Amino acid sequence: MHRKTTLANGLRVVTDSIKGTEAVTALVLVRAGSRWEHREINGISHFLEHMFFKGAKKYKDAKSVSEAIDGVGGDFNAFTSKEYAGYFVKVASKHMKLALDVISDMLLHSRFDQEEIEKERGVILEEFNMYQDTPMYQVAWNFERAVFGNQPIGWDEVGTKDVIRALQREDFVKYKESLYTPGNMVVSLAGAVDHDEVVEMVQKYFPMESAEPTRTMLPFEAGLSTMEKVTLQSKKTEQTHLVCGVPGLPEEHEDHYVLKVLSSILGGNMSSRMFLAVREAKGLAYYISCGTEDYLDTGVFYTRAGVDINRPTDAVKAIIEEYAKIAAEPVPEAELKKAKEFLKGKLVLSLEDSEHVAQMHAQSELLYDKLRTLADISKAIDEVTVEDVQRIAQTLLKPELLHLALIGPYEDKGEFEVLF
Numbered sequence: 144m145h146r147k148t149t150l151a152n153g154l155r156v157v158t159d160s161i162k163g164t165e166a167v168t169a170l171v172l173v174r175a176g177s178r179w180e181h182r183e184i185n186g187i188s189h190f191l192e193h194m195f196f197k198g199a200k201k202y203k204d205a206k207s208v209s210e211a212i213d214g215v216g217g218d219f220n221a222f223t224s225k226e227y228a229g230y231f232v233k234v235a236s237k238h239m240k241l242a243l244d245v246i247s248d249m250l251l252h253s254r255f256d257q258e259e260i261e262k263e264r265g266v267i268l269e270e271f272n273m274y275q276d277t278p279m280y281q282v283a284w285n286f287e288r289a290v291f292g293n294q295p296i297g298w299d300e301v302g303t304k305d306v307i308r309a310l311q312r313e314d315f316v317k318y319k320e321s322l323y324t325p326g327n328m329v330v331s332l333a334g335a336v337d338h339d340e341v342v343e344m345v346q347k348y349f350p351m352e353s354a355e356p357t358r359t360m361l362p363f364e365a366g367l368s369t370m371e372k373v374t375l376q377s378k379k380t381e382q383t384h385l386v387c388g389v390p391g392l393p394e395e396h397e398d399h400y401v402l403k404v405l406s407s408i409l410g411g412n413m414s415s416r417m418f419l420a421v422r423e424a425k426g427l428a429y430y431i432s433c434g435t436e437d438y439l440d441t442g443v444f445y446t447r448a449g450v451d452i453n454r455p456t457d458a459v460k461a462i463i464e465e466y467a468k469i470a471a472e473p474v475p476e477a478e479l480k481k482a483k484e485f486l487k488g489k490l491v492l493s494l495e496d497s498e499h500v501a502q503m504h505a506q507s508e509l510l511y512d513k514l515r516t517l518a519d520i521s522k523a524i525d526e527v528t529v530e531d532v533q534r535i536a537q538t539l540l541k542p543e544l545l546h547l548a549l550i551g552p553y554e555d556k557g558e559f560e561v562l563f
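Spelled out as structure tokens, the structure:
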């Protein structure tokens, strides 16, 4: 059962007590993703996430943080997306105070020593290089850049090498002060927890003064797409990595779960249409799946695949054919039911993990000021009809809306452009 308390300073505390576990995940989520950046500081949200682990008041360096959590067998990590950054520690419930102590010290008292900034700069540049050398990651960023164009939602979270090399201590201090405020944060704990006890602990470990964020998210602007149907990054690879998709829907759109069901039917699992048609029937791909990215004011729907470098056009044709088929022909009731049960079943399984539960509640509360229940989501999925699926397929999966991003050993994208 989940509960929420808003402290006097505006900090929201959300808990969910999960039966049958002795573990707890403590997560702090902040509205401080890359959509709050401008070009000159693109990448600072991600760089800042790294710097929080490099020394604060009590835990004075990265080793101290690691030893504190490793010493109780816990896990810890952080992540930066386009719309938020998160910091979590997962431990046995008896070490919950330690989890909150470590996270609060990092977020409230980090020193941002220049020496540590210089060392971490090198780490992040190598992370940048790693993504460049991992086409299945990079192609997804290329796809969103093509769909959204030159604006924050179209930029990579890791930023650019020029910005990574240029950021200084005052940049981090200023950025943190502008967004890491109580009303812009949610503390979420899930697992073996008692809500009232957690609230008391959060009041102790997060004695923050009331403040409002001074930086605003730059909204999505339609019409800034590159307008190129095909984005090709030429690179020597043993496999062609591609993403083929369209602009999608915001998270809160009334057809959000219709699109989720459509995505499941097309490419949600090993019995989905794309998997059976492209991999099993034609042997064109190793991995292939469909999915969505759902943002505050926009989104994308996509099929991603790793395909035979000698037959990439065959794979793209097969994907486009499946898009056309689901738009033209109503989905059989049995297939619709299977997709719904798949989504609901996966949701139930995910709720066994305190880390997933903590993030689900934190994200919903932080971005949408609401807490969704399993019953709410299941009901929305159950309400999707055959007509809904065909309607959204016909609305979104139009040839003129398709974008294709590829990474592979090709010089001319003309052979792909003629497919649209």
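Just add 143 to wherever you are in the sequence shown, counting from 1, and you've got the working numbering.
Glycine included, every Cβ here is placed at the ideal spot set by N, Cα and C.
Since we're looking at a predicted model, the values are computed, not measured.
- Boundaries for E395: no beta strand (DSSP E) harbours it, and the DSSP string shows neither H nor E there.
- I184: not part of any beta strand (DSSP E); DSSP gives it neither H nor E.
- Burial state of M328 is buried, judged by a 10 Å Cβ sphere holding 16 or more other Cβ atoms.
- Assignment of beta-bridge partners to D218 by DSSP yields K233.
- Secondary structure of A354 (DSSP, three-state): coil.
- Fully contained in the stretch 415-452 are the following beta strand (DSSP E) runs of length 3 or more, in chain order: 428-437, 442-450.
- When the five nearest sequence neighbours on each side are left out, the beta carbons in the same chain lying within less than 7 angstroms of the beta carbon of K556 are those of V373, L375, in order along the chain.
- Under the criterion of beta carbons closer than 8 angstroms, L367 and N293 qualify as touching, at roughly 6 angstroms.
- By the neighbour-count criterion, in which 16 or more other beta carbons inside 10 Å mark a residue as buried, M144 falls on the exposed side.
- Of the other Cβ atoms in all chains shown, 16 or more fall within 10 Å of the Cβ of Y400; this residue is therefore buried.
- In this structure, L539 lies near G391, with their beta-carbon atoms less than 8 angstroms apart.
- Non-local beta-carbon contacts of G334 in its own chain, meaning distances under 7 angstroms to residues more than five positions away in sequence, involve I161, T164, A166, V167, T168, S236, S497 in chain order.
- Secondary structure note for S507: its alpha helix (DSSP H) is the uninterrupted segment 497-511.
- Measuring C-alpha to C-alpha distances from D337 to each of V157, E543, R534, K522 identifies V157 as the nearest.
- The criterion of a C-beta distance shorter than 8 angstroms is not satisfied by F315 and S247.
- Within the stretch 298-367, the runs of beta strand (DSSP E) at least 3 residues long that lie entirely inside it are, in chain order, 328-334.
- Under the three-state reduction of DSSP, G388 is assigned to strand.
- Three or more beta-carbon pairs drawn from the stretch 422-439 and the stretch 447-458 are found closer than 8 angstroms, and the two stretches are therefore classed as touching.
- Put simply, the stretch 459-469 does not touch the stretch 239-259. Fewer than three CB pairs are less than 8 angstroms apart.
- Here L172 has Y227, G229, V329, A505, L509 as same chain residues with Cβ atoms under 6 angstroms from its own Cβ, once five neighbours each way along the sequence are excluded.
- Linking E313 to K203 through their CA atoms gives a straight-line distance of about 20 angstroms.
- Across the structure, E464 and R422 are spaced so that their CA atoms are roughly 14 angstroms apart.
- In this structure, the beta-carbon distance from P295 to S177 falls below 8 angstroms.
- Residue pairing by DSSP places I550 opposite Q376, H384 in a beta bridge.
- Scanning the stretch 452-481 for uninterrupted alpha helix (DSSP H) segments of 4 residues or longer gives 455-471, listed from N- to C-terminal end.
- Under DSSP, S160 forms a beta bridge with G334.
- In this structure, the CA atom of E484 is about 20 angstroms from the CA atom of H499.
- A check of alpha carbon separations from R308 across Y280, E263, W298 identifies E263 as the nearest.
- Cβ neighbours of S224 within its own chain (closer than 8 angstroms, five residues either side excluded): G176, S177, E300.
- For the options V404, T528, H546, the alpha carbon positioned closest to that of K489 is the one of V404.
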